[in-house]
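Residue numbering for the sequence shown follows the working numbering, beginning at 333 and increasing consecutively. To start, the structure itself, in structure tokens.
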Amino acid sequence: MKFRLKTIIFLAAFSLTASGAFANISVICSMYPVYDFARSITGNLADVKLLIRPGVEPHDYEPSPMEIKALNDSDVFIFTGKYMEQWAEKISSSLSETLIIDASENIALTDNDPHIWLDLSLAQKMVMNILTGLCSADSGNAEIYRENAEIYCSELQKIDDDFMNMKKNNIALVFAGEFSGGYFMRRYGFEYVSAYDGENEPSLRRMAEVMRYIREHGTRYIFADYGGVTQILRSISSETGADILTFWTGHNLPDDSVKFTDIMRENYRNIKEALHD
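Shown next as structure tokens:
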């Protein structure tokens, strides 16, 4: 495998965030969760860049010709999985000199739901999949990568334990924004009510049902992903008096320098507040 430090000049439309000033390999990651996993593993030993910029919807994303060229020039390309980034699987065959890492390898999906990182036991499997590929691409630093991955997985495990042990108090979490937390709810045993069926906007009847639930159960807080405060969400909040809390999914972040473990800890604090614990 070739080792090189690349200096790639990107146009403003391809604004990548890099970690690693003195890198052995260049790594491009499709979206935020795998980007944070990769940079946590490599530290400053790889030039790790984020492809899909904060605020861009990954489901609708299509890489530009310049971005495809950058991918082809990189040593490693990491993506979440074919159900999350359908474009990534399509272009992978054209990246002849690039090692491709599918972070969802050997992880069985439920209902083809790609948001696997919200189950922190699966997030650890993603980290290990990424670790395997990075060790193959840069065997000289494999031991350091393994140590970093072990530390990172231990942090994920602590948060996983906290969610598992959280008192649920027989209270359902209410999601009034788009809902993609199925893996999270199944893993940690939370009851929940969602206005949305996946990404489909709720009907007036469904909105009325959710508002009735909020009033009958005295729900004080409703959840939405960052950037997902829609008119529907505002209406439900206004009509019921329920305040809005953020449930970070990792799709869109205002600042990609934040750590994935930090946003999951904030999810913990917000859910704990909603459960009156």
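Built from N, CA and C at the ideal position, the CB exists for glycine as well. None of the values given here were measured: they were computed from a predicted structure.
Per-residue DSSP class, three states only, for residue i
i	result
residue 480	helix
residue 553	strand
residue 587	coil
residue 439	coil
residue 411	strand
residue 431	strand
residue 358	strand
residue 582	coil
residue 417	coil
residue 600	helix
residue 559	coil
Endpoints, beta strand (DSSP E) assigned at residue i
i	result
residue 381	378-382
residue 578	575-578
residue 570	Not the beta strand (DSSP E): residue 570 falls in the alpha helix (DSSP H), residues 563-572.
Classification of residue i by the beta-carbon crowding that lies within 10 angstroms, buried from 16 upward
i	result
residue 601	exposed
residue 544	exposed
residue 399	buried
residue 353	A caution first: residue 353 carries a pLDDT of 43, below 50, which makes its placement in the model unreliable, though a value can still be read off. Exposed, by the Cβ-count rule.
residue 380	buried
residue 605	exposed
residue 408	buried
residue 417	buried
From the options, residue whose alpha carbon lies closest to that of residue i
i	options	result
residue 503	511, 524, 496 and 491	524
residue 395	554, 362, 580 and 568	362
residue 583	482, 384 and 474	384
residue 414	423, 595 and 467	423
residue 520	546, 527 and 492	492
residue 512	356, 558 and 397	558
residue 510	526, 498, 541 and 608	526
residue 479	599, 373 and 357	373
Start-to-end residues for the alpha helix (DSSP H) that takes in residue i
i	result
residue 388	From DSSP, residue 388 is part of no alpha helix (DSSP H); its letter is neither H nor E.
residue 473	Segment: none, residue 473 is in no alpha helix (DSSP H) and carries neither H nor E.
residue 364	364-374
Which residue spans inside the segment 487-546 form an unbroken beta strand (DSSP E) run of at least 3?
Under the rule that a run must span 3 or more residues, the beta strand (DSSP E) segments found entirely inside the segment 487-546 read 505-507 and 524-526.
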